[in-house]
Structure formats: C-alpha cells, structure tokens
Amino acid sequence: MSRTSTAAPKPAGAGASAVPVAAPGALAPDVNLPESLGYRVKKKILGKPLVNDELHGEKLNNPTALGIMGIDMISSSAYGSEQMLTQLIPYFGALGFMLVMPITGVILGMLILLTLCYRDVVSVYTKAGGSYVVARDNFGPKIAQIAAVALMIDYVVTVAVQISAGTDAIASYLAITFSVDITSWKLWITVAVVLLLCYGNLRGVKEAGKLFASPAYVYIVLVGITLILGVVQLATGTLHHATNAHDTTSYGGIVQVGGHTNFLLTAGAALALLRGFANGGSSLTGLEAVSNGISVFKKPAGANARKTLTAMSVILGSLVLGVSILAWQMKTYPYTNGAPTVLAQITHLVWGKNAVGGVMITLVQIATALILYTGGNTSFSGFPFLVSYVADDSFLPRQLRTRGHRLAFSNGIIVLTILSLVLIVAMGGNLTKLVSLYAIGVFTGFVMAATGLFKYHWIRNEPRRTWKLFVNGSAAVCSLAVVLIFAVTKFTEGAWLVVVVFPPAVFGLIQLNKRYRREADALANTPASALLPTRTETSVMVLVDSVDLAVIKTLRYARSLRPTELRAVHLMVDNVYAEQLRNQWDASQAADIPLEVIEVPDRRIRRAAMELAARETADGYEVTVLLPRRTYSPVAGRLLHDRTADRLAEVLSTLPHVVATIVPFDVVEAIEELELAEKGHKSKIREAEGTGAAKPRSTKKMLLDAECASIPDPGHGVPVPLTPIGTVQWRQRAAVEGRIRSVAVSPVKGSPALEAELYDSSGGITLVFYGRRSIPGIEPGASMRVEGMVGEMEGHLAMANPTYKLLPREYGDDE
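Under my numbering, the first residue of the sequence shown is numbered -10, with each subsequent residue one higher.
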C-alpha cells in the first residue's frame, strides 16, 4: 500500500545521508467517513454503536436466575386458573368452579412430571438451546426443526399473551379502583408496550440484571401473602364471595353461564373439560426457560439450574393451586373483555374496601402488570438467540446471525416484533383467543425434549436408567396428548392457525437448508473452468456508457492492472448518442485510450458483451471486463437507475477465462472526496518541492533503523510515561496503549516477522516481532501496552521487539 508522510529533515549525527529522508509519522487514525442519513437517525434513536468488547455475559446466581428466568413461568399463574374458568363456566355454570380443582390437579401432575424431565435436560445438556439442541443431537438437524418451529411459535405467542395479560392487569386495577373502563384502549396499549420492548432491546437492554429479577419477587411476595390470607379467611369462615354472578353490564359483562348440570354426562361435557384443561395448560409455559439459558448460570451450571428449576415449579404450583382454590370458593366469574381479572377480584375481596385494601390492590396489580410485561420481554432475548442458532445450522437466513448496532440480534428482534404485533392485532388483544394458540408450540417443544432424552438414555447403560426412561417417556406421551387435545378442542378457536402453519414452516426450513447446502457444494467443488490452464497474456476491457468520473476511475484501475492489452468499448444501441460519446471521449483525459464502438442492432447488450469477451478469449487472453457502476442513494438508485452492470457481470462470469469486475463509484459522496483528495495531493507535492524533501522510501518491507534499535535506553530501566500514539517521536523511547487492529506475518531477509498494528484514538504504530509467526494473545481486537524504541518502517512509526503486556478484556457467552 502506498503511504505518504510529513517531510522533515533527518536529525544530524544520526548517520544522515546527503539526501534528507522524510521522518516517519504515525499510522493514520480512523477515517471519519460521511454518515448516511439513515445511520445518523439510527444512532440518534439507539445511541452510539457498541464495540464487540462490550459484549460481556453476566453469570447469575440462583436467586437472580430465578427472578429472571422464572418470570415467564411464574407470571402465568396470573391467568392460568382464569383461563380454565372461561371454558368451564359457559358449559357447567357454577359447577365449573368445582371442576377447576381436578383440572388444576392434573396440571400440577404434569408440572411435576415435566420438572423431572427438564431437570434431566439441564443435567445432560449444559449448553443453551433447550429442546432444539436436544432434538438436534439425538434426531439430527432436520427433525430438530420441529422443535425450532415450536419454540419460535412459543416465543411469538408468549409476547402476545404476556403483554395482553399485563394490559388486562392494568385495566382491572382501573376498573376496580376508579370504575374506569379502558377496553377500547387495551389493544393500543398492548401494541405500544410491544414497540417499547422492541426499542429497549434494540438499544441493547440486557435481561440478565437484578432490575429484571425484582418484579418476579415483588409479585411472588404480594400475591403469596394475598393467597395465604385468603386461605386463612377460608379456614376461619370469613372469606368473602364475589357478587358478580349476574353482572351483564359492567366492563362488558361476565362470560356466559351455562348452568346445565345434566350436561356433565354428555359427550360434549368431556370436550368442555378438555378445553378447560387445554387453557389451563398455559400455566406451564416458560418451563423451558432454564434449559434455554443454562449458560448464564454460575458453575456448576447443571446443579444450579436444577435447583432454580425446582424452585420455579414449586412457586408456580403453589400460586396456581392457591388461585384455583380461592376462585372456587369465592365464585369469581371471569369477564368477557378480560377485566377485572380473577386474580384482581380475589385481591379486592381478600383485602377489602378499606385503605389497606386500596393500597394492596394497587401494589398487586402493578406487580402483576410488571411481571407479565417483563415476562413478555424474555422472548426478546430468547427468540433472537434461538433463530441465530438455527441460522448457524443454515436452516434460517444468515442475516439472523448478525449482531446489530448495539450488539443485539436486531434482525431477530424486529422479526419477533412484527409477528407478535400481527398476532395481537388479529386477535384484538383478547387473552382468551391468544391462549388458544399457546400450548401447541409449548408442548411440542416438551415432546421433542422428552423424546430426545428418552433416546439419549435408551442407548446408554447408566445408573438410574430405568427411572430416567420412565420419566422422559411419560413426559413425552403426556405432552403429545396435550398437543392433540389442544389441536382438536381449540381448532376452531384459532389453533387451526398453528396446525396449518406448522408443517409448511418445518418444510420451509428444511428446503432453505437444502439450498444453502447446494450453494456450499457449488462453491466447494472445483468447476471445469477453474481447471483450465492460466494464460500469460491478459486483456482488460472497460465497458463505457458515458464519459464521467466513474469511467475515469475505472480506467485508472485498469491501467494499474498492467494488462497486455487495454480496450475501452462502447456497445452501441443509439448511433447519435455513440457519436456524441466519441466526441466527448476525444476531448477527455481518457483520449490516450482509443474508444471502440461496437454496434448492437438488436439491443441485446448482454449477448453482445458475451460475444465480445468470447472473441477475446479465442485470441489466447485471460480477459477481465471492468464495469463502472454509479451508486446512488437507495431510493433514487432503485427508482431512477438500472442495474445493467450487475446483469452483465452475472452472464460474463459464466465464460471460461473471463472475470467480470464491478467498479463502484459513489455519486453522492465520492465526488467530493475525490476533489478533496486531489487538492490535498497537489498541495503536498508543492510543499515537498518547496522544501526539497525527498519522497518517503517505498520499500515494501523495510527493517527498522539499525541506528534507532541500537540507541541505549536513556531512562536506564526507569518506566516510560504512557503517551498517546500520535505524540510519540522518532528515535525516542515510548510507552503506549491501544487495540490491535491487524496482524500479519511477513518475510524479512528470509525469516518470518510478526507485524501488528496498534491503534488508539490519536493514531497507530506498527509492532514488529522478528523471528515469530504468532504470539499467544496478540490478535485483532486485543488490547495491550507496549514499550520500546520508536523507529521507522515504510515511512511510518514502528517498534522492533518491544516489551508488551496484554490488557484484560471480557468476552461474552452468547449461548
């Protein structure tokens, strides 16, 4: 690379030759390129971009992990029992309150079974990924896509359900305390919260923090106290009963009350019970969160994850059981619009209509809304990581692997936001309708995890093998039964959407992977054209459509290739324009290269270009076709300009011995940069001519000055003060700190030398370690402090074999 440096005489007495040599300068600091409007807006909204070193993971202790990962699971206690009642009351009337108890018992039994299963999961698989990783390792990547689709659906529905339930909690508080009905605003509040969470996560809000753990503990304490007080009142006979059994006007009215006791013996009754069980199954969502995020636990990760999972399950089971018991005894009918919720009614009745009751209903409902909203936020962490795993396996677009402006997986966050908003709007933000979509994805993930663990233990002879097979086999069968129950009983209420979407989604992921694999095979295999012998003579053709700076730049690049033959060619479709172009060409600075004009009577430019290149290869040349391309702003470029260069490159590159290269030219910014560069270059030449300074030495790889390397340490071993790189002086000892930007190995007099460029905000310096091909820790992105004599290489500051110290930096655990 050609470099320029500030000219200055070499100090006397240092072996200076008769011809003065330019003093070395620091490597140029970062270039401040003009920022696009879109980037400036993004930086204004999201903040300054984060560098990779700021991606650091926080290992969580068990209490914090419980508060963070248990949010999704524990918060479902706020609506689990209520969702059972929404299905039982219309068919069984007041008898539905009694029936909620055996269904709650079955759900708690499922909770125990799945907890045992997932304790096994986190014992065997201590890498984040949950059922997707279990399925991939035991059944292969294709079958694992069933788990991938199930988890993606689960994350999308979790956002919709949790945020909608949080809005119901707010609406319940306003309805009970102030008799304010915000039903017409609930949908838009939910949408606003989803957008707010999206914005926060795009800014890089981390879920792993005590701030996100606190709502879970506040909710557990407040709701736990409320339920304990309610059970005490039940035992002492002072428990109040709800009075909304016939409320058909307030807040939209309660759900339809059936009251047909003989219905219990009909076939429809069994279906109604199954519907209630299916809705109650939403209480078990979030159970997989620990296995999905096990990598954030402190060591031993498996043991800590098991303890946290057990604690989560005990808390959830206790809360769901308490809510079901009090709802049964208080006869709290759910409302059609979701507010007031059953939990809000219980809280209001337990604490009473006094000052303490007013405070407690406020605290409980705020805590409920917070845990539900933060529970929805867990998907904004889990979904982007999941799709990045799947994209790493080449089953999703690879853009989902890329971290964005603030080190978050921005594309995954945006996709999740769009899908959840579509779902929320389509269902009108109605929690009962959204729950109808919930358990299929959740329990399909349970099926894949349990079945994968069953196979894992089946092929291994290990302690307690029989017990593990029983637990995982039972969990798989029960979870599959729930999936089938949900698909049948909830099909007409929205579950059809999941049932219909599931198979095409899995098929689509597999087909996308097949395409990626075909592309990889095509790139890995050597085509016949690559086996052709390389020709010694080269021909470079520049296709010219106008005379402008883009073409001039392309011609300069063409000359730098030093081809055997250089041609400028215009493919003519308009003879009048071609004549004008020829006149402009003859009057331009490109006139030293004759312009060939080739007629294309049928206006098939691509075919004419291929024929031209083929004729050139027939003459024995390796042909390079350079295609100038002007780039504009994205909107103007798409609307006002064609993509001829891309289409020509696409067809020309299929010919043997032909390479098509697009030479881009930014019309918006590059013209100004080119003019400034030319003015600066001329002024430097005039300055150099006026001072008589010689041009910098241009040796490709030059040893550091032997004189400088042999100068004794003036400080006699005393540490040198730390200074910015841009202020160090040639032939002086210096100590600097910075980040390694690039590392390369270059031969110097037959021996290897490791070269590293160290930069800070003021400039850069080259570090040369003779006789070394690599040094542990010295790599791009590393931070280090170096001290040594400053010399010169290629006209720039450099240090030979300096003393150094690697500075610590933190790396994140993305799993």
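By construction, the Cβ of each residue, glycine as well, lies at the ideal position given by its N, Cα and C atoms.
Small disclaimer: the values here were computed from a predicted structure and weren't measured.
Can you give me the Cβ contacts of residue i inside the same chain, cut-off strictly under 6 Å, excluding the 5 residues immediately before and after it?
i	result
Ala464	Leu102, Leu103, Cys106 and Ala439
Asn51	Asn293, Lys296 and Thr297
Ala597	Leu560 and Val589
Gly346	Trp340
Gly265	Met73, Gln76, Leu77 and Ile92
Gly311	Leu216
Asn366	Leu186
Leu315	Gly219 and Ile335
Leu786	Pro13, Ala15, Ile754 and Val779
Pro741	Val734 and Arg762
Count the other CB atoms, across all protein chains shown, that sit within 10 Å of the CB of residue i; report buried if there are 16 or more and exposed otherwise.
i	result
Lys479	buried
Tyr566	exposed
Ala695	In this prediction, Ala695 scores a pLDDT of 48, lower than 50, which makes its location untrustworthy; the coordinate-derived value is nonetheless stated afterwards. So Ala695 counts as exposed.
Asp109	buried
His337	buried
Ser173	exposed
Leu461	According to the sequence as given, residue 461 is Asn; it is not Leu. When all chains shown are included, Asn461 counts as buried.
Asn343	exposed
Gln569	exposed
Glu605	buried
Leu87	Sequence inspection shows Met at residue 87; the Leu mentioned does not correspond to that position. Flag for Met87 reads exposed.
Glu635	Looking at the sequence provided, one finds Asp at residue 635 rather than Glu. Answer is exposed; the Cβ neighbour count stays below 16.
Ala539	buried
Nearest-angstrom Cα distance between residue i and residue j?
i	j	result
Thr274	Asp61	7 Å
Tyr759	Met788	11 Å
Leu305	Glu639	59 Å
Val309	Gly282	24 Å
Ser64	Gly364	7 Å
Arg814	Leu584	The chain is shown only over -10 to 804; residue 814 falls outside these bounds and no answer can be derived.
Gly753	Pro797	20 Å
Asn403	Ala278	The sequence shown places Ile at residue 403, rather than the Asn named in the question. Cα to Cα, the separation comes out at about 21 Å.
Leu560	Pro791	58 Å
Val376	Ile355	32 Å
Gly765	Arg392	Here residue 765 is Pro; the residue named in the question, Gly, does not match the sequence. Distance between the alpha carbons of Pro765 and Arg392: 27 Å.
Thr653	Glu554	It is Pro, not Thr, that sits at residue 653 in the sequence shown. C-alpha separation (whole angstroms): 22 Å.
Val183	Ile407	10 Å
Gly155	Ser302	21 Å
Leu747	Val472	58 Å
Leu100	Ser66	13 Å
Ala149	Leu420	8 Å
Leu550	Tyr505	35 Å
Ala733	Ala415	56 Å
Leu410	Arg449	45 Å
Pro130	Leu486	25 Å
Met141	Phe384	13 Å
Asp143	Gly371	10 Å
Asp510	Phe491	29 Å
Phe252	Tyr80	Low per-residue confidence applies at Phe252: pLDDT is 49, beneath 50, and the placement is therefore not dependable, though the value from the model is reported in the following sentence. So the alpha carbons of these two residues sit roughly 7 Å apart.
I believe residue i touches residue j by the beta-carbon criterion, under 8 Å. Please report the beta-carbon distance rounded to the nearest angstrom.
i	j	result
Ser313	Ser161	18 Å between Cβ atoms; not a contact.
Ala158	Thr357	4 Å
Ala476	Val488	5 Å
Ile474	Val180	At roughly 31 Å, the Cβ-Cβ gap does not stay under 8 Å, so Ile474 and Val180 are not in contact.
Ala15	Ile714	6 Å
Leu218	Gln318	That pair is no contact at about 13 Å.
Val529	Gln573	Not confirmed; about 22 Å, so no contact.
Val647	Ala602	5 Å
Going along the chain, which residues of its own chain have a beta-carbon closer than 7 Å to the beta-carbon of residue i, five neighbours each way excluded?
i	result
Leu163	Val169 and Ile171
Trp447	Leu458
Ala649	Val614, Leu616, Leu637, Ala638, Leu641 and Ser642
Ala231	Met319, Lys320, Thr321, Tyr322, Gln334 and Leu338
Within its chain, find whatever has a CB closer than 8 Å to the CB of residue i; leave out the 5 residues flanking it on each side and keep chain order.
i	result
Leu389	Pro373, Val376, Ser377, Val379, Ala380, Phe398, Asn400, Gly401 and Val404
Leu97	Gly306, Val309 and Leu310
Flag residue i as yes when its Cβ comes closer than 7 Å to any non-hydrogen atom of the ligand ADP, and as no otherwise.
i	result
Ala149	Only the bare structure without any ligand can be found here, which leaves the ligand ADP out of the picture.
With a cut-off of 8 Å, does the C-beta of residue i fall near any C-beta of chain D?
i	result
Val113	Protein chain content of the structure displayed is limited to a single chain, and chain D is not contained in it.
### Task
Return the chain-ordered ranges of every alpha helix (DSSP H) run that is complete within the stretch 719 to 759 and spans a minimum of 4 residues.
You should have found no qualifying run.
#### Entry: Ranges of the alpha helix (DSSP H) found wholly within the stretch 97 to 158, counting only runs of at least 4
Whole alpha helix (DSSP H) segments, 4+ residues: 120 to 128.
### Message
So within the stretch 531 to 612, which uninterrupted beta strand (DSSP E) runs reach at least 3 residues, ignoring any that extend past its ends?
### Response
For the stretch 531 to 612, whole beta strand (DSSP E) runs of length 3 or above, ordered along the chain, are 554 to 561 and 584 to 588.
#### Entry: alpha helix (DSSP H) runs contained entirely in the stretch 758 to 799, provided each spans 4 or more residues
Counting only runs of 4 or more, we get nothing.
### Task
Return the chain-ordered ranges of every beta strand (DSSP E) run that is complete within the stretch 293 to 319 and spans a minimum of 3 residues.
Segments of the beta strand (DSSP E) lying fully in the stretch 293 to 319: there are none.
### Query
In chain order, which alpha helix (DSSP H) runs of at least 4 residues are fully inside the stretch 358 to 426?
Segments of the alpha helix (DSSP H) lying fully in the stretch 358 to 426: 399 to 415 and 420 to 424.
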